[in-house]
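When you read off a place in the sequence shown, starting at 1, and then add 57, the result is the number in the numbering used here. Each residue gets a CB set at the ideal place from its N, CA and C atoms; glycine is no exception.
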Amino acid sequence: MSKQTTIKKEVSVQGVGLHTGKESKIVFKPARADEGIVFVRVDLPNKPHIKAVVKNTLASQAVRGSVIANGDATVYTIEHIMASVSALGIDNLIIEIDSAEPPILDGSALGFAGVLDEAQVTELEAAKKYLTLAQPISVSFGVSRYWAYPCDHFEIDATIGFDHPLLKMQHLAIPEINRDVFLKEIAPAKTFCFDYEIESLLANNLGKGGNMSNAIVIGLDGIHNEEPLRFKDEFVRHKILDLIGDLYLAGHSIKAQVVVDKPGHKNNIHFVEELLKKAVLV
Ligand SMILES: [Zn+2]
Numbered sequence: 058m059s060k061q062t063t064i065k066k067e068v069s070v071q072g073v074g075l076h077t078g079k080e081s082k083i084v085f086k087p088a089r090a091d092e093g094i095v096f097v098r099v100d101l102p103n104k105p106h107i108k109a110v111v112k113n114t115l116a117s118q119a120v121r122g123s124v125i126a127n128g129d130a131t132v133y134t135i136e137h138i139m140a141s142v143s144a145l146g147i148d149n150l151i152i153e154i155d156s157a158e159p160p161i162l163d164g165s166a167l168g169f170a171g172v173l174d175e176a177q178v179t180e181l182e183a184a185k186k187y188l189t190l191a192q193p194i195s196v197s198f199g200v201s202r203y204w205a206y207p208c209d210h211f212e213i214d215a216t217i218g219f220d221h222p223l224l225k226m227q228h229l230a231i232p233e234i235n236r237d238v239f240l241k242e243i244a245p246a247k248t249f250c251f252d253y254e255i256e257s258l259l260a261n262n263l264g265k266g267g268n269m270s271n272a273i274v275i276g277l278d279g280i281h282n283e284e285p286l287r288f289k290d291e292f293v294r295h296k297i298l299d300l301i302g303d304l305y306l307a308g309h310s311i312k313a314q315v316v317v318d319k320p321g322h323k324n325n326i327h328f329v330e331e332l333l334k335k336a337v338l339v
């Protein structure tokens, strides 16, 4: 029987938020069994807690990132933190944040996964339960299609495709998502956007902290960044990263094979809602 986990010691990260462009600091702290993953807005009166679960998401705002809220207390762009917490197998964690958005760091999850790994995952005296499936499920939302199959571990098979000559299709299957695979194959993959999107992102008050060091910019003539890609298929790897983070909004680790075509934050959250209707916690 596996046991629930948390981290051994407090660790922190700071930097600028991708969309707000504001400086923020995150402090990861150990939590008790059954507390789950809880964000705390320490800059607001009474320090409101927001549990990172699907019922607290604002799906309507999940255009460029996943958002959770408790009343007026909101945290944007939580997916890279959630992916790191999930892949490292952390069940219970307090995440203090002093603004509405975590730092984007280098656009990947390496900064979060790195400090959480340093903080050392440790077992608690409580049994860990997993979300499992008895039957396959399949759902579509717009262009996004999702399938989940019963499986004794967590794996992802993802395909992405855009109406863009440089990114028509990328596919990658990760046979088992765990700490080692995540740190090496997924966490380093950076956020990306298309050059033509930048103007409308800024017009919508998004992407204000974005720059050439924390986002890959794809143009018709190629990649605009000086830094070379970290992987040839970095874009599908980043989409898998985001998906791992969004799936953890299910509130528990998942044992299933997840197959997805054209995932996006808003639809990932709808998929988690469907998954929770069918999944059994064992
Ligand atoms: Zn992302």
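When the Cβ atoms of the segment 100-111 are set against those of the segment 182-199, are three or more pairs found closer than 8 Å?
no
First through last residue of the alpha helix (DSSP H) which encompasses arginine 294:
291-304
Delimiting residues of the beta strand (DSSP E) encompassing aspartate 91:
No beta strand (DSSP E) holds aspartate 91; DSSP gives it neither H nor E.
For lysine 112, does the count of other Cβ atoms within 10 angstroms reach 16, so buried, or fall short, so exposed?
exposed
Is serine 81 near serine 156, with beta carbons less than 7 Å apart?
yes
Own chain, CB closer than 7 Å to aspartate 100, minus 5 neighbours either side, in chain order
Asp155, Ser156
Check whether the Cβ atoms of alanine 307 and leucine 190 lie closer than 7 Å to each other.
no
For ligand 1, is there a heavy atom less than 6 Å away from the beta-carbon of aspartate 237?
no
DSSP state of tyrosine 253, grouped into three classes?
helix
Anyone know if the C-beta pair for glycine 146 and threonine 62 falls short of 7 Å?
yes
Isoleucine 275 to lysine 241, Cα distance in whole Å?
23 Å
Just verifying my parser: in three-state terms, what is the DSSP assignment at lysine 241?
helix
One question on the structure: do alanine 90 and alanine 170 come within less than 7 Å of each other, judged by their Cβ atoms?
no
Is there at least one non-hydrogen atom of ligand 1 closer than 6 Å to the beta-carbon of threonine 248?
yes
Arginine 236 - DSSP class collapsed to helix/strand/coil:
helix
Does leucine 263 come out as helix, strand or coil in the three-state DSSP assignment?
coil
How many angstroms separate the CA atom of glutamate 180 from the CA atom of alanine 144?
15 Å
Distance, asparagine 149 Cα to glycine 21 Cα:
The question about residue 21 has no answer, for the chain in this structure spans 58 to 339.
Hey, how far is the Cα of alanine 140 from the Cα of aspartate 129?
25 Å
Report yes if the C-beta distance between proline 285 and leucine 300 is below 7 Å; otherwise report no.
no
State yes or no: is the C-beta of leucine 229 within less than 7 Å of the C-beta of aspartate 290?
yes
Residues that aspartate 318 bridges to, as DSSP identifies them
Arg202, Thr216
Does ligand 1 have a heavy atom nearer than 6 Å to the CB of aspartate 299?
yes
Go ahead and pull the three-state DSSP assignment for isoleucine 326.
helix
Tell me the rounded alpha-carbon separation between leucine 188 and lysine 65.
25 Å
So, helix, strand or coil for alanine 307, using DSSP?
helix
Using CA atoms only, rank isn't needed, just tell me which of Leu298, Leu338, His322, His137 is closest to histidine 309.
Leu338
Proximity winner among Met226, Ser69, Ile213, Phe251, relative to glutamate 233 (alpha-carbon distances)
Ile213
Let me confirm a value: valine 315 is counted as buried when at least 16 other C-beta atoms fall within 10 Å, else exposed. Which label applies?
buried
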